[in-house]
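Protein chains in written order, with our numbering: chain A, 468 to 678; chain B, 468 to 678. Notes follow the structure.
Number of protein chains: 2
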Amino acid sequence: MKLNKKGLLIVISGPSGVGKGTVRKALFEMQGHDLVYSVSMTTRKPRVGEVDGKDYYFVSRDEFQNRIEEGKFLEYAEFVGNYYGTPLDKVQEQMSKGHEVVLEIEVEGALQVRQKVPDAVFIFIVPPTKRALYDRLKRRGTESEDVIRSRMEKADREFLLANRYDYIVVNDEVNNAADRIMAIIRAEHAKTARSIAGYLEMLESEDAKNE
Amino acid sequence: MKLNKKGLLIVISGPSGVGKGTVRKALFEMQGHDLVYSVSMTTRKPRVGEVDGKDYYFVSRDEFQNRIEEGKFLEYAEFVGNYYGTPLDKVQEQMSKGHEVVLEIEVEGALQVRQKVPDAVFIFIVPPTKRALYDRLKRRGTESEDVIRSRMEKADREFLLANRYDYIVVNDEVNNAADRIMAIIRAEHAKTARSIAGYLEMLESEDAKNE
Numbered sequence: 468m469k470l471n472k473k474g475l476l477i478v479i480s481g482p483s484g485v486g487k488g489t490v491r492k493a494l495f496e497m498q499g500h501d502l503v504y505s506v507s508m509t510t511r512k513p514r515v516g517e518v519d520g521k522d523y524y525f526v527s528r529d530e531f532q533n534r535i536e537e538g539k540f541l542e543y544a545e546f547v548g549n550y551y552g553t554p555l556d557k558v559q560e561q562m563s564k565g566h567e568v569v570l571e572i573e574v575e576g577a578l579q580v581r582q583k584v585p586d587a588v589f590i591f592i593v594p595p596t597k598r599a600l601y602d603r604l605k606r607r608g609t610e611s612e613d614v615i616r617s618r619m620e621k622a623d624r625e626f627l628l629a630n631r632y633d634y635i636v637v638n639d640e641v642n643n644a645a646d647r648i649m650a651i652i653r654a655e656h657a658k659t660a661r662s663i664a665g666y667l668e669m670l671e672s673e674d675a676k677n678e
Numbered sequence: 468m469k470l471n472k473k474g475l476l477i478v479i480s481g482p483s484g485v486g487k488g489t490v491r492k493a494l495f496e497m498q499g500h501d502l503v504y505s506v507s508m509t510t511r512k513p514r515v516g517e518v519d520g521k522d523y524y525f526v527s528r529d530e531f532q533n534r535i536e537e538g539k540f541l542e543y544a545e546f547v548g549n550y551y552g553t554p555l556d557k558v559q560e561q562m563s564k565g566h567e568v569v570l571e572i573e574v575e576g577a578l579q580v581r582q583k584v585p586d587a588v589f590i591f592i593v594p595p596t597k598r599a600l601y602d603r604l605k606r607r608g609t610e611s612e613d614v615i616r617s618r619m620e621k622a623d624r625e626f627l628l629a630n631r632y633d634y635i636v637v638n639d640e641v642n643n644a645a646d647r648i649m650a651i652i653r654a655e656h657a658k659t660a661r662s663i664a665g666y667l668e669m670l671e672s673e674d675a676k677n678e
């Protein structure tokens, strides 16, 4: 029995290359959830196999900047020369339907969401070791050594921001990490601050319902 | 990978008759945990099938009162004419071994633990309806109608104390309730406040370990 009927806003973040995308996909493949993924908008070019409207909304730099001026992002960030942002209208639409909305975003963007939606759930995905992060970036093979080095330096600064998040999840193995996130979502729904109103309401209305 | 190496103190509480004992037993039957049950001490008489040292330590009223005076309880309460308490030495012993210690105690005692161990995890077990609670107490068949009525009145007051707990778990079905508690334990270990020290330590020491 779920006492909290309101969908949660789940923010999955962490240094670039930590495997946020694979963890998020594994999470969505699990059974018995009501998660909706908030597709980000970006000006970066699609990687092989990425689909517009599914992995990202791919837009031009001009279009992205217009949307910034119109206040149409919950958060956005420029990262290695490209913009990434979360379209506000999509998130609002899904939450109003009672879905749990999952954002998978960069650290800079996550901190913006923290200010706008303080009761969102902030999860920081970390690599088991720095070496594992370097190897992942290298294996991806899409960036030059220079870009990889700049991402590693950025990761070093981001590790220190872990304390701005509610939870730290180590991506030692993708399914373990997804399991932990699912446990966090279930626990968050049971939190007294989220569930007490629903519980007291249920106690008051039960006679009418049960007799 | 578990970043928080310290065992948690898990306090399972809720109105009498809500099924704390059955939920706790279902929890311990689940796989892959490192939970240790803290056996309470009581002056009430054993029910059929209850074993001394396993379900409770059954002691005399005199012995219990001596232990109160000696400060040997983490919490204790008098309830429907009987004392119930948590022996402090046992809890300390198990926690020092790194186990997660589970207390299953009355509401009055839980509030005492909250003051002494603020970072313990407080879970309030509630019935799906008041009627369900009444039916459970009745079915147990161990108390007179007067005692049941006094327990129901006490439950009404205790429902209002739910806001002193970290989590509210509805005992709609015992395995669901145990599942939710397990999710809470996993989520609590991932909480930044508990895991960040271990994480930063790991990052610092990794080169020595991995190369």
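Glycine residues also receive a C-beta, built at the ideal position from the N, C-alpha and C atoms.
Determine the closest residue to ARG653/B out of ILE635/A, GLU640/A, VAL641/A, GLY665/A, with distance taken between C-alpha atoms. ILE635/A
Interface partners of TYR632/A on chain B, CB under 7 Å: THR659
Using three-state DSSP, classify LEU475/A as helix, strand or coil. coil
Once DSSP output is grouped into helix, strand and coil, what is the label at GLY665/B? helix
Is the Cβ of VAL580/A closer than 8 Å to any Cβ of chain B? no
Looking only at its chain, what residues have a beta carbon closer than 7 Å to the beta carbon of MET708/B, apart from the 5 residues adjacent to it on each side? Beyond the ends of chain B as shown, which are 468 and 678, falls residue 708/B; an answer cannot be given.
Take GLU668/A as the anchor and find which of THR596/B, ARG624/B, LEU475/B, VAL503/B has the nearest alpha-carbon. THR596/B
Closest by C-alpha distance to VAL588/B, when choosing among ASN471/A, LEU670/A, THR659/A, ASP501/A: The candidate whose alpha carbon is nearest that of VAL588/B is THR659/A.
Within this structure, are the beta carbons of HIS566/A and ASP519/A separated by less than 8 Å? no
According to the neighbour-count rule (16 or more other Cβ atoms, all chains shown, within 10 Å of its Cβ), is ASP491/A buried or exposed? The amino acid occupying residue 491/A in the given sequence is Arg; Asp does not appear at that position. ARG491/A comes out buried.
Looking at C-alpha atoms only, which residue of LEU627/A, SER527/A, VAL637/A is the closest neighbour of PRO513/A? SER527/A
Grouping DSSP H, G and I as helix and E and B as strand, with all else coil, what is LEU570/A? strand
From SER483/B to TYR550/B, what distance separates their C-alpha atoms? Looking at the two C-alpha atoms, the distance is approximately 14 Å.
Taking contact to mean 3 or more Cβ pairs, one atom from each stretch, closer than 8 Å, check whether the region 563-581 of chain B and the region 471-478 of chain B are in contact. Counting Cβ pairs under 8 Å, three or more are found: they touch.
Quick one: what does DSSP say SER672/B is sitting in, helix, strand or coil? helix
Quick one: is PRO594/B buried, meaning 16 or more other Cβ sit within 10 Å of its Cβ, or exposed? Residue environment analysis places PRO594/B among the buried positions, since at least 16 neighbouring C-beta atoms fall within 10 angstroms of its C-beta.
Taking DSSP as the reference, what is the three-state secondary structure of MET508/B? strand
At least one CB of chain B closer than 8 Å to the CB of GLU671/A: is that the case? no
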